Each structure stands twice: as C-alpha cells, then as structure tokens.
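Participant:
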Amino acid sequence: MNRRLSALAATLLATGAGLAQNVADPAAAARHELARCGVTARETPALGLAAREVLRGTELTRALIAQGYRAHDAHGWQLTFGDLAGLRRAVQESCAPWRDLSEYGLSTAGNRLALIAATPARVDLTQSRRWLGDFLAATNRARFQGQKCGDRLMNAVPPLKWDARLEAAAARQATDLVRLNFRGHVNPQDGSTPLDRAAAYGFRGSVGENLSYGPVTAQEAVQSLLGSPGHCENLMSPAWTLFGGAVNNGAAATLFPTYWVQVFGGP
Numbered sequence: 047m048n049r050r051l052s053a054l055a056a057t058l059l060a061t062g063a064g065l066a067q068n069v070a071d072p073a074a075a076a077r078h079e080l081a082r083c084g085v086t087a088r089e090t091p092a093l094g095l096a097a098r099e100v101l102r103g104t105e106l107t108r109a110l111i112a113q114g115y116r117a118h119d120a121h122g123w124q125l126t127f128g129d130l131a132g133l134r135r136a137v138q139e140s141c142a143p144w145r146d147l148s149e150y151g152l153s154t155a156g157n158r159l160a161l162i163a164a165t166p167a168r169v170d171l172t173q174s175r176r177w178l179g180d181f182l183a184a185t186n187r188a189r190f191q192g193q194k195c196g197d198r199l200m201n202a203v204p205p206l207k208w209d210a211r212l213e214a215a216a217a218r219q220a221t222d223l224v225r226l227n228f229r230g231h232v233n234p235q236d237g238s239t240p241l242d243r244a245a246a247y248g249f250r251g252s253v254g255e256n257l258s259y260g261p262v263t264a265q266e267a268v269q270s271l272l273g274s275p276g277h278c279e280n281l282m283s284p285a286w287t288l289f290g291g292a293v294n295n296g297a298a299a300t301l302f303p304t305y306w307v308q309v310f311g312g313p
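Taken in order, the sequence shown gives residues 47 to 313; the numbers are from our numbering.
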C-alpha cells in the first residue's frame, strides 16, 4: 500500500504578552488561509477530532486509527501562534503539501492549532464504471509495454477484452473479501476458487485471478501487481484474452482499506 504519513511542526513565538488573545477565531483564520493558498480539500469531522487528539499529545497515526480513519496519505501540522498575522503567515508558508489532499480537519486549544490533511484510503464507488474502465486500460497499457517480472522478461501481449461473466466473478470475490474479512483466492466459507466463481456465471475456459490490497486508483493497483513477480507474470500471460474486474472498499475492521480484483479468462 502506498501510504505516506508525515508530521510537520512550526512554532511562532509571541512578540508580546497577551498577543494570543488578539486572534478572535484562529480556526476561521486558518480555514481562510487554506482557501487562499489553493487548498480545495473539504473539512471532515473525523479529521477534526483526530487533530484534537494530536493537540493532546497523541501521535498522528494513532489519532487517525482512534477515529476509524484509514488514510492513504496524511500530513499532520502543529502551530503555536502569537497573533493573527503570524498564524496567517505560517499557514501560507506551509500549505503547499496539502493541495493534492482531499480532506482536512483542524482543532485549536488556546494559542495552539493542529491541522491534518489527508486522502482517505477508499474509492468512490458511485464512479465504479469509470474505475473499472481505468482498471482495464491500466492493465492493457502494462501488457502493451512488456514487463520485467522479477528476473523474467515478459514480451508485450495483445490487449484484453471486457467480459461480463468475469466481471461478475470479480465482483463476488470483492464483496466476499470484505464480508468475510480474508485475503487470498479461496473463499473460506464455501471453498470456491476463481475457476468456480467464473463457472458460476457461465464462463467455460481457463481462469486466473490477481488481488491488490490498499490502492486508491486503478493505476496504483496495477503497479502494485507488477511489483510482484507472480502477479506480474499472471497479468502478462499471453494465455489470457478476456478480463473482468472489481473494486470494493473495506470496513473499519477489515484487513485492508480497499480491494481490487482482476479475473482473466482464456480458452
């Protein structure tokens, strides 16, 4: 899983007694400066609560876990400010890493402010058709280019075509991976294999399956599979002509935050 957690700290010293009182609403001032510097992330309650815990001394990762927030990418930032001008200047100078993140939350306590900006480890399933189209396209780009799978060079191979039966098999696997909270290709409840699942939807032929856990984009999912020699060889096999895919989000208690399933079919 491509996950990056970093913590940045900034401290502005007060230039006179009682200057902190000049900031009537530091949270509002911080929000204003975030908007001014091009941060388009939306504010979310979970990250606000996590920021409050960071102010209380909780480490960033633990604060996110306590709120049930699974981050693909997160930055934590703390500031001790003296006045409104100092607060604005500090936010402006530090906001560049937050522009590519989609959510944020902040909390204040006296003259201290904590802000967390993050991209959640989940996929917008309302856009599933787009994601699945991207998944097929990323898979076919990899096949077109040829790959080095571990020590084995794999030549470029023809593109795959979408198959609704294999899509249904992939969707069933993606659902059960979350529902039963397991990893692997054999369903622990009914013992079904990738071949069994494809056959259940009317596919008669050879079948292969790849699973990627944790990515938030189709390209990330394919890249993670190319980094594993066995999965890479499966993806690059000339035996496959058909493809079905699925993506699902995990729950707070599941092993992984996201699940991507490739199902390949051939004669």
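For each residue, glycine too, the CB sits at the ideal point set by N, CA and C.
Note that the coordinates shown come from a computational prediction; the quantities given were computed from them, not determined experimentally.
Can you give, in chain order, each stretch of the alpha helix (DSSP H) that sits fully within the region 207-267 and has at least 4 residues?
Facilitator: Listed in chain order, the complete alpha helix (DSSP H) runs (minimum 4 residues) inside the region 207-267 are 210-225, 240-246.
Participant: Taking 7 Å as the limit between beta carbons, can you name the residues of its chain near L152, skipping five residues before and five after?
Facilitator: Correct list, in chain order: A73, A76, G94, A97, L159, A160, L161.
Participant: So, for E149: in the same chain, excluding its five sequence neighbours on each side, which residues have a beta-carbon less than 8 Å away from its beta-carbon?
Facilitator: Contacts found: A87, R88, E89, T90, L93, A163, A164, T165, P166.
Participant: Determine the DSSP secondary structure at Q193, reduced to helix, strand or coil.
Facilitator: Of the three classes helix, strand and coil, the one that applies to Q193 here is strand, per DSSP.
Participant: D209: buried (16+ other C-beta within 10 angstroms of its C-beta) or exposed?
Facilitator: D209 is buried by the Cβ-count criterion.
Participant: DSSP has P166 in a bridge; who is on the other side?
Facilitator: Paired residues: A117.
Participant: Which whole-angstrom value is the C-beta distance of L241 and V307, which I expect to be below 8 Å?
Facilitator: Their Cβ separation, rounded to whole angstroms, is 14 Å, which puts L241 and V307 out of contact at 8 Å.
Participant: Could you spell out where the alpha helix (DSSP H) holding R198 opens and where it closes?
Facilitator: Where R198 is concerned, there is no enclosing alpha helix (DSSP H), although the beta strand (DSSP E) it sits in stretches over 198-200.
Participant: Identify the residues that DSSP records as bridge partners of E79: which are they?
Facilitator: Paired residue(s): none; E79 is not in a bridge.
Participant: At what residues does the alpha helix (DSSP H) containing A97 begin and finish?
Facilitator: Element bounds for A97: 91-101.
Participant: Kindly give me the distance between the Cβ atoms of V224 and N294, rounded to whole angstroms, as I take these residues to be in contact under 8 Å.
Facilitator: The Cβ separation is near 5 Å, so the contact holds.
Participant: Look at the Cβ atom of R168, then the Cβ atom of E79, and state whether they are nearer than 8 Å.
Facilitator: The answer is no: Cβ separation not under 8 Å.
Participant: Report the rounded CA-to-CA distance for Q193 versus F249, giving the unit in angstroms.
Facilitator: Cα to Cα, Q193 sits roughly 28 Å from F249.
Participant: Under 8 Å by Cβ, that's how I've got G311 and V268 pegged, so tell me the actual separation to the nearest angstrom.
Facilitator: The Cβ separation is near 18 Å, so there is no contact.
Participant: Let me make sure I understand the geometry here. Which of L272, A220, Q173 has the alpha-carbon closest to that of D197?
Facilitator: It is L272 whose Cα lies nearest to the Cα of D197.
Participant: Assign N294 to one of three DSSP states: helix, strand, or coil.
Facilitator: Strand at N294.
Participant: Among R243, Q235, P261, T172, whose alpha-carbon lies nearest the alpha-carbon of D119?
Facilitator: Selected option, being the one with the closest Cα: P261.
Participant: Among A244, N280, Q265, A142, which has the Cα closest to the Cα of C83?
Facilitator: Measuring from the Cα of C83, the nearest candidate turns out to be A142.
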